[in-house]
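All the letters of the sequence shown, read from the start, carry residue numbers 74 to 422 under this note's numbering. C-beta atoms are modelled at their ideal positions from N, C-alpha and C, and glycine is treated no differently. No experiment lies behind these values; they were computed from the predicted model shown.
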Amino acid sequence: MLNHRHLPALMAGLAFLFSSTGANAADPKPVRVGVLGLDNYQAVAYTQLFNDPKAAGDLAGLRVVAAFPAEASPDIPESVESLPKWKAEIVKFGVELVGSVDELVRRCDAVMIMSLDGRKHLEQATQVLKAGKRLFIGRPLAASLTDAVAIMKLAEQTKTPCWTSSQHRFSPGFFGMRDHPEVGRVLGCDVYGGCPTEPHHAELYWHGVHSIETLYTIMGPGCVSVSCTSTPVAESVTGTWEDGRVGTYRGIKKGALKYSATVFGDKGVSVAGVYGHGVPVKGVVPTGDKYMGYEGIAIEMAKFFKGGPAPVSAAETLEIFAFMEAAHESKRQKGAIVRVADVLEKARK
Numbered sequence: 074m075l076n077h078r079h080l081p082a083l084m085a086g087l088a089f090l091f092s093s094t095g096a097n098a099a100d101p102k103p104v105r106v107g108v109l110g111l112d113n114y115q116a117v118a119y120t121q122l123f124n125d126p127k128a129a130g131d132l133a134g135l136r137v138v139a140a141f142p143a144e145a146s147p148d149i150p151e152s153v154e155s156l157p158k159w160k161a162e163i164v165k166f167g168v169e170l171v172g173s174v175d176e177l178v179r180r181c182d183a184v185m186i187m188s189l190d191g192r193k194h195l196e197q198a199t200q201v202l203k204a205g206k207r208l209f210i211g212r213p214l215a216a217s218l219t220d221a222v223a224i225m226k227l228a229e230q231t232k233t234p235c236w237t238s239s240q241h242r243f244s245p246g247f248f249g250m251r252d253h254p255e256v257g258r259v260l261g262c263d264v265y266g267g268c269p270t271e272p273h274h275a276e277l278y279w280h281g282v283h284s285i286e287t288l289y290t291i292m293g294p295g296c297v298s299v300s301c302t303s304t305p306v307a308e309s310v311t312g313t314w315e316d317g318r319v320g321t322y323r324g325i326k327k328g329a330l331k332y333s334a335t336v337f338g339d340k341g342v343s344v345a346g347v348y349g350h351g352v353p354v355k356g357v358v359p360t361g362d363k364y365m366g367y368e369g370i371a372i373e374m375a376k377f378f379k380g381g382p383a384p385v386s387a388a389e390t391l392e393i394f395a396f397m398e399a400a401h402e403s404k405r406q407k408g409a410i411v412r413v414a415d416v417l418e419k420a421r422k
């Protein structure tokens, strides 16, 4: 039988239980995301995914609430042409345009830098990182290795989580090759893709970075030296990993264009999938499966913005950019072998 002297404590306990249950059942406030730079279609693509009222799983629980357009880069025609178009488009998803970076960071919990121009990213990232906001930076991370190093150093100094990646890294047909049952342990990889350049960015940073990140997605980090052969038809970059594995990148300048790879393993050799689609089965690349263009990386961004770890480390990111800078230096030295560590050390001085 219940002793009446225990009744007040029991009632208080029940009240706490019901109030706690109600609080847990309520939908939590979404993570507020801000966009810095609107001359890049990806700003709209990610906003559409995050602000979709039917978003489920990892993509649920975020809301792009504000965007600072920033100025177009006058020497990049794509920037000038795209900015007004994507400004008009992003507001259709309930995003408010604000007048400064300071106002942007006040309104959000996390930021996506989407400016096309990598020359702007150090200045933009500095404002966001000093405000302590979790940060994703769209490719290219920077227009130079010294700027890339400075961004990651500032993230470390401010203890603010920050990362960058190509969307190609999270394409199922690429990351699925790292442990493909028909390939086994990856011993080498030949990646190929488009290689347009802009005069104001280090050559491979502008677009070649997407396929070079695919190379790292499949091979993993650990490249020690790079050599480059350059012609009007292609950029051919060969990297040697510390365990003797070899990976190559063919930057296509002329001819048919495709983004994929051939992967060599201890069990077999296979073509990789094509961008946006799944892994091949017995050499057949699927194209009728669900297309995962921006969704793959958006899922990783969502997990990060909610407090998860950066899915690509600063060390690997800087190695990728040092790999590209080593290729540029090799090209300047007419194909000489250049050590990745030497290039990175120089950029850090």
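Rounded Cβ spacing between residue i and residue j (contact assumed at less than 8 Å)
i, j, result
"V297", "T287", "Rounded, the Cβ-Cβ distance is 20 Å, inconsistent with contact."
"V358", "H350", "7 Å"
"L260", "G369", "In fact, because the Cβ distance is near 25 Å, the residues do not count as touching under 8 Å."
"R421", "V282", "Contact flag wrong, Cβ pair sits at about 20 Å."
Neighbourhood of residue i by C-beta distance below 8 Å, restricted to the same chain and skipping five residues each side
i, result
"A387", "M225, A228, E229, C235, W236"
"V184", "V106, G107, V108, L109, L177, V178, V201, K206, R207, L208, F209"
"I285", "V264, L277, V310, Y322, I393, F396, M397"
"P147", "V153"
"V416", "L218, A395, E398, A399, E402"
"D316", "G295"
Distance between residue j and residue i (C-alpha atoms, nearest Å)
i, j, result
"M250", "Q197", "35 Å"
"V342", "R318", "14 Å"
"G328", "G295", "31 Å"
"V347", "K331", "8 Å"
"Y367", "T231", "29 Å"
"T302", "R258", "28 Å"
"G293", "T321", "13 Å"
"Q115", "E255", "34 Å"
"S333", "M365", "15 Å"
"S403", "M187", "30 Å"
"W159", "A118", "10 Å"
"C181", "L189", "21 Å"
"V336", "K363", "23 Å"
"K102", "Q406", "55 Å"
"E169", "A345", "41 Å"
"H280", "I149", "14 Å"
"T304", "L214", "26 Å"
Neighbourhood of residue i by C-beta distance below 7 Å, restricted to the same chain and skipping five residues each side
i, result
"A216", "G191, R192, H273, H274, A275, Y278"
"K203", "T231"
"E373", "F243, P384"
"I325", "Y265, G266, G267, C268, A307"
"K376", "D131"
"K340", "E255, V256, G257"
"A145", "D112, S152, V153, L156"
"G167", "N124"
Where residue i falls, given that 16 or more other Cβ within 10 Å makes a residue buried
i, result
"Q240", "buried"
"T120", "buried"
"V418", "Strictly speaking, residue 418 in this sequence is Glu, with Val absent from that position. Label assigned to E418: exposed."
"A414", "exposed"
"T360", "exposed"
"T94", "Only weak support is given to the placement of T94: the predicted model assigns it a pLDDT of 32, under 50, and the question is left unresolved by the model."
"A409", "exposed"
"G211", "buried"
"F378", "buried"
"A96", "Only weak support is given to the placement of A96: the predicted model assigns it a pLDDT of 33, under 50, and the value that follows is read from those uncertain coordinates. That one is exposed."
"P126", "exposed"
"V354", "exposed"
"D220", "buried"
Within-8 Å CB hit, residue i to chain C
i, result
"G338", "In the structure shown, chain C does not exist; there is a single protein chain."
Residues near residue i by beta carbon distance below 6 Å, same chain, minus five either side
i, result
"R412", "S298"
"F123", "L135, V137"
"F248", "T290"
"P245", "G351, M365"
"K371", "This sequence places Ala at residue 371; Lys is not what is there. Within the same chain, A371 has close Cβ partners Y119, L122."
"S155", "D112"
(Q) Across the region 380-392 and the region 229-245, are there enough close Cβ pairs to call them in contact, namely three or more that are closer than 8 Å? (A) yes
Q) Is there contact here, the region 185-193 with the region 102-111, by at least three beta-carbon pairs under 8 Å? A) yes
Q | the region 137-146 / the region 156-175 touching (three or more Cβ pairs under 8 Å) | A | yes
Q.
Could you check whether the region 257-274 touches the region 389-398, counting it as contact only if at least three pairs of C-beta atoms, one from each stretch, sit closer than 8 Å?
A. no
Q. Is the region 155-163 touching the region 122-132, taking contact as three or more C-beta pairs under 8 Å?
A. no
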